[in-house]
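Colleague: Dropping the structure in here first, questions after.
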């Protein structure tokens, strides 16, 4: 991620290899009928809370599973397992994002045909995960109301590569003076056709719409 | 930031070069009597709000300036300039952290002898900035109460390389059910001798202690 020619060349090679691996994964997912949804955000934006609530509800109607990436600890995997869904941790060490080869390895031993919807929760990082295709069908960026409405402008690539923006922690919107119209303007400026949903995993606000979007986008019957 | 041997080698060379440049910067800062404080955090943790309030108050007693890194936009530089202090933006494009060469370039035209305290606000990222020495005398990690008490365990390197942790947005502590004791335990587990301060740039809570720490740590008369 440096500007010197040799580094650019190495990075382009990495991304090219990742793209090839991700294309292979995407074919496998499609062949198995597995819909894959990836989730990216800053650290602490509420990905794990959203995903735990999502797994809990969605598994009543379809077979779900999750992979979750972290530099260290398996805190998030433990939280996700509370949903009852199969969950695997990917510990990345110092690596600041998931890549397609990590996904491929983490899937060993799972039968994709037994999974209708697979979620992939990335390392908390609004920069580097943007460049790594994981073979997902839908990329979702979560942004909490506490982070500031300017984030889409300041981290354009991650918003530009996402299909859906989920605005999390809506229960704190009043406490932080959240300006919904300003965020919408900034999202549209970066990604004109992005779908935006407001949710709170704590109060349940917006969860029906989120699950409806998931089940329709990934081709399942709405729950 | 990949595990393959060639990438590790390239990355080690980059870090070695960065370390050399940073050591040179540190010597220049010391010779000029400029104390340099760097600030790292997740996106949206409140670095810019904290720094704007800090610059505003500190410049009454000493000559301050700031460099601020962002992938895109000069929103943060504009906000910091409201303090009246000299501010320069470093636009990193797709680069997820500041490095010593960016600092060196951004300083061209400034006379270090005219700056008592120089702040460097990094790109919002809890992973990659950890590895890049910028020649600073003090590295401060900001962590907002909305992000979750587990962050030191999940992003150990950035907390382990910081001298001070500033817990921001304390005005939201009650609204999010913030567990101060749990955060302290997790901070100490990763970095036993870290100094921890609770602040709110919005209400002013803890700002006196923060300014006192800054002025004593950087060898200035307390303001």
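Residue numbers (my numbering), protein chains in the order written: chain U, 13 to 235; chain F, 13 to 235. Just so it is clear, CB atoms sit at the ideal spot from N, CA and C, and this is done for glycine as well.
1) Just to confirm the assignment, what range does the alpha helix (DSSP H) spanning residue 177 of chain U have?
2) In or out: residue 174 of chain F buried (at least 16 other Cβ within 10 Å) or exposed?
3) Cβ of residue 134 of chain F less than 8 Å from any chain U Cβ?
4) Distance cutoff 8 Å, beta carbons only. Does residue 180 of chain F sit that close to anything in chain U?
5) Does the beta-carbon of residue 81 of chain F have 16 or more other beta-carbons within 10 angstroms, so that it is buried, or is it exposed?
6) Any heavy atom of the ligand GDP closer than 7 Å to the CB of residue 176 of chain U?
7) Do you know whose CA, among U:139, U:148, U:147, lies nearest residue 106 of chain F's CA?
8) Ordered along the chain, which non-local residues of its own chain (more than five positions away) have a Cβ less than 6 Å from that of residue 203 of chain U?
9) In the DSSP assignment, find the unbroken beta strand (DSSP E) run with residue 159 of chain U in it and report its ends.
10) List the residues of chain U whose Cβ lies closer than 7 Å to the Cβ of residue 163 of chain F, in chain order.
11) Would you say residue 103 of chain U faces chain F, with C-beta separation under 8 Å as the test?
12) Would you mind telling me which residues of chain U sit closer than 8 Å to residue 83 of chain F, beta carbon to beta carbon, in chain order?
13) Assuming residue 82 of chain F is part of the beta strand (DSSP E), what are its boundary residues?
14) Can you grab the Cα-Cα spacing for the pair residue 122 of chain F / residue 102 of chain F, in whole Å?
15) When Cβ atoms are compared, which residues of the stretch 104-131 of chain U fall closer than 7 Å to chain F?
16) Within its chain, find whatever has a CB closer than 6 Å to the CB of residue 134 of chain U; leave out the 5 residues flanking it on each side and keep chain order.
17) Just mark residue 125 of chain F as buried or exposed, buried being the case when its beta carbon has 16 or more other beta carbons within 10 Å.
18) With a cut-off of 8 Å, does the C-beta of residue 65 of chain F fall near any C-beta of chain U?
19) When DSSP builds the beta bridges, which residues end up paired with residue 103 of chain U?
20) Within a Cβ cutoff of 6 Å, which residues of the same chain sit near residue 39 of chain U, ignoring the five residues on either side of it in sequence?
21) Using the Cα positions of residue 119 of chain U and residue 178 of chain F, report the straight-line distance between them to the nearest angstrom.
22) Does residue 132 of chain U come out as helix, strand or coil in the three-state DSSP assignment?
23) For the candidate residues U:183, U:155, U:112, whose alpha-carbon lies nearest to that of residue 208 of chain U?
24) Quick check on residue 49 of chain F: does DSSP put it in helix, strand or coil?
25) What do you get for residue 252 of chain U, buried or exposed, if any count of 16 or more other CB atoms within 10 angstroms of its CB means buried?
26) Of all the residues that make up the stretch 190-222 of chain F, which are near chain U by a beta-carbon distance shorter than 8 Å?
27) Tell me whether the beta-carbon of residue 218 of chain U lies closer than 8 Å to the beta-carbon of residue 210 of chain U.
28) Have a look at the DSSP bridge pairing and note the partners of residue 151 of chain F.
29) Give the interface partners of residue 184 of chain U over in chain F, defined as CB-CB distance under 9 Å, in chain order.
30) For residue 220 of chain F, count the other beta carbons within 10 Å of its own beta carbon; 16 or more makes it buried, fewer makes it exposed. Which is it?
31) What is the residue span of the alpha helix (DSSP H) that residue 92 of chain F lies within?
32) Compute the distance between the beta-carbons of residue 223 of chain U and residue 70 of chain U, then report whether it is under 8 Å.
33) If you compare alpha carbons, which of U:214, U:163, U:25 is closest to residue 144 of chain U?
34) Could you check whether the stretch 53-60 of chain U touches the stretch 154-168 of chain U, counting it as contact only if at least three pairs of C-beta atoms, one from each stretch, sit closer than 8 Å?
Modeller: Answer, in terms of the structure:
1) Looking at the DSSP string, residue 177 of chain U is not in any alpha helix (DSSP H); the run it does join, the beta strand (DSSP E), is 176-180.
2) buried
3) The beta-carbon of residue 134 of chain F is placed no less than 8 Å from the nearest beta-carbon of chain U.
4) No, because no Cβ of chain U sits closer than 8 Å to the Cβ of residue 180 of chain F.
5) buried
6) Ligands are entirely absent from the displayed structure, and the ligand GDP is therefore not among its contents.
7) U:139
8) For residue 203 of chain U, where only same-chain residues beyond five positions count, the Cβ hits under 6 Å are 171, 172.
9) Element bounds for residue 159 of chain U: n/a, residue is neither H nor E.
10) 55, 56
11) no
12) Chain-ordered, the chain U residues with CB closer than 8 Å to the CB of residue 83 of chain F read 139, 166, 167, 168, 169.
13) 76-82
14) Going from the Cα of residue 122 of chain F to the Cα of residue 102 of chain F covers about 14 Å.
15) 106, 107, 108
16) 52, 81, 110, 141
17) exposed
18) Not an interface residue.
19) U:82
20) none
21) 39 Å
22) strand
23) U:155
24) It is a strand residue.
25) Because chain U is modelled from 13 through 235, residue 252 of chain U falls outside the range shown and cannot be assessed.
26) none
27) yes
28) F:50
29) 158, 184, 187, 188
30) Answer is exposed; the Cβ neighbour count stays below 16.
31) 87-93
32) For residue 223 of chain U and residue 70 of chain U, yes; Cβs fall inside 8 Å.
33) U:25
34) yes
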